[in-house]
Structures are given as C-alpha cells and as structure tokens.
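Trainee: From first to last, the protein sequence lines are chains R and A. The working numbering puts the first sequence at residues 55 to 164. The working numbering puts the second sequence at residues 136 to 247. Even for Gly, the Cβ is constructed at its ideal location relative to N, Cα and C. Being a predicted model, the structure only gives us computed values, none of them experimental. Below are the structure tokens for one structure; questions will follow.
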Amino acid sequence: AQRVTQPEKLLSVFKGAPVELKCNYSYSGSPELFWYVQYSRQRLQLLLRHISRESIKGFTADLNKGETSFHLKKPFAQEEDSAMYYCALVLSGGYNKLIFGAGTRLAVHP
Amino acid sequence: DTEVTQTPKHLVMGMTNKKSLKCEQHMGHRAMYWYKQKAKKPPELMFVYSYEKLSINESVPSRFSPECPNSSLLNLHLHALQPEDSALYLCASSQALGYGYTFGSGTRLTVV
C-alpha cells in the first residue's frame, strides 16, 4: 500500500543546530515527493519538490530510492523555521493524488 | 494571480442547514481538490476534479456534494452535517504531475 511515514511527531532543537526531519515512503511506482510547511495560522505551502533539487530557505531534501527516504535537512535552524512540516507523495496514474504523512512539528528554541 | 482563494474563512452551521464552500483559482490549473484537515492531523483527500470532471471520491458521505462549474471554480455543498464534520476544509489546485499543489487558506467549519 502507498504510505508516507514521518516517525517523529515533534522535533525540538536550539537555534543554530542542524535539523533533519525524516520521511520514508512506500510506493510501487515512480515516486514524486514533496515537503509542505504550515506556519502557525497560515496556509499550507509547498517547500520543496524532489524533481527540482532546489534549496528553499536553506532546506534541502534528497530522494534516496534505495532507502525509500526523502529526509528534509537544514544545517543551521532558525527560530522562524518553527512550523508543522508534512512530507507528501503523489500517486500517479492520471489523477495526481497527493497523500500526506502525519507531519512533524519543528520547534526551534532561542 | 498565484493564489487559491477560499470563502468563507469561517462558517458555523446547524445540523439542518445547507451551506456551500467556494474555491477559486485563476492560474489555469486543470485539477482541483478538496481536503479535510482535523486539528493536529494531516490533510485528508476528499475529492479530485480533473478538467472539471470528478475523478476521485474518497468514499465521502453524500452530505458533502462537490461541484465544479468551470475550470476556475470549485464548490462544496454541505447538508445535514454532523458535529464530527467540524474541521478545516482546504481547497487546492495543481498544474501537472511533479509541480505540487497550491493550497487555499481554508474554511474553518463548525457544526453545532
């Protein structure tokens, strides 16, 4: 079955510390993976998509097909990074159906 | 215009009421979606529209009725809801595979 797993509900770090939010997926097809962020009282925003291999707000994520992972990393966390982060997988087959992991709340302390 | 606009932002309705949620985008996206998000939970897919036709209904109860009048608009008609239907209802649109979704800010629905 198709599934996205984010094992940590909460990740708490201090400002300036490295951050890694874990994401594993289960999908028989070719995965299209994304990271979405939801800041307090704001809409869900696309942060990264794996096909673009970009860095947004200092965050990067690399697709590892061998380990079926798409972990989100940032070398130095900032307080404004505190938010809910969702890893998401698109199920293809013509419908572009997006399913989300349970989410990880990142709390960056001063 | 690079946004998905949802109205109203907040809605309180009784269990016998009929109401509608509205979603609008002018990005030329041909796929539109309704999601339901309960507190501290990820969004759950309800419906998918592709080229104004319903493609996916995730076994949503019939008290939720989607409608796509044109390529820019998506409605969700609500009737005889239950208190457990109280949630944030999110609309999204997408251009194509691999581009991700653009989400609206949602309608926070309370059923009393």
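(1) Please report the straight-line C-alpha distance between A:F182 and A:E138, rounded to a whole angstrom.
(2) In terms of residue numbering, what span does the beta strand (DSSP E) encompassing R:I153 cover?
(3) Three or more beta-carbon pairs under 8 Å between the segment 208-225 of chain A and the segment 143-156 of chain A, yes or no?
(4) At the 8 Å Cβ level, is A:V195 part of the contact set with chain B, yes or no?
(5) Report, in whole angstroms, the separation of the C-beta atoms of R:A156 and R:Q60, which I expect to be a contact under 8 Å.
(6) For a cutoff of 8 Å on Cβ pairs, would you count A:L112 as touching chain R?
(7) If we count Cβ pairs, one from each stretch, closer than 8 Å, do we get three or more for the segment 101-114 of chain R versus the segment 166-174 of chain A?
(8) Answer with buried or exposed for R:G120, where buried requires no fewer than 16 other C-beta atoms within 10 angstroms of its C-beta.
(9) My assumption, with CB atoms under 8 Å, is that R:V58 sits in contact with R:F154. Please give the rounded CB distance.
(10) Is R:V73 a contact residue of the ligand ZN, with contact defined as CB to any heavy atom under 7 Å?
(11) Anyone know if the C-beta pair for R:K51 and R:Q132 falls short of 8 Å?
(12) Does the beta carbon of A:G235 come closer than 8 Å to any beta carbon on chain R?
(13) From R:P129 to A:E159, what distance separates their C-alpha atoms?
(14) When Cβ atoms are compared, which residues of the segment 120-141 of chain R fall closer than 8 Å to chain A?
(15) Roughly how many angstroms lie between the CA atoms of A:I191 and R:P164, to the nearest whole one?
(16) Buried or exposed: which applies to R:V162, given that a residue is buried once 16 or more other Cβ atoms fall within 10 Å of its Cβ?
(17) Looking at chain A, is there any beta carbon in it that lies within less than 8 Å of the beta carbon of R:K111?
(18) According to DSSP, is A:P201 helix, strand or coil?
(19) In the DSSP assignment, find the beta strand (DSSP E) that holds A:A222 and state where it starts and stops.
(20) So what does A:M167 bridge to, in DSSP terms?
(21) Figure out for me which residue from R:V73, R:L87, R:N78, R:Q96 has the closest Cα to the Cα of R:G112.
(22) Buried or exposed for A:G163, going by 16 or more other Cβ atoms inside 10 Å?
Mentor: Let me spell this out:
(1) 20 Å
(2) 151-154
(3) yes
(4) Any reference to chain B falls outside this structure, whose protein chains are R and A.
(5) 5 Å
(6) A query on residue 112 of chain A cannot be resolved here, the shown segment of chain A reaching from 136 to 247 and no further.
(7) no
(8) exposed
(9) 6 Å
(10) With respect to the ligand ZN, the structure shown offers nothing to examine, as it has no ligands at all.
(11) With chain R covering 55 to 164 only, the question about residue 51 of chain R has no answer from this structure.
(12) yes
(13) 38 Å
(14) Y140
(15) 45 Å
(16) buried
(17) no
(18) strand
(19) 222-229
(20) A:Y184, A:S228
(21) R:V73
(22) exposed
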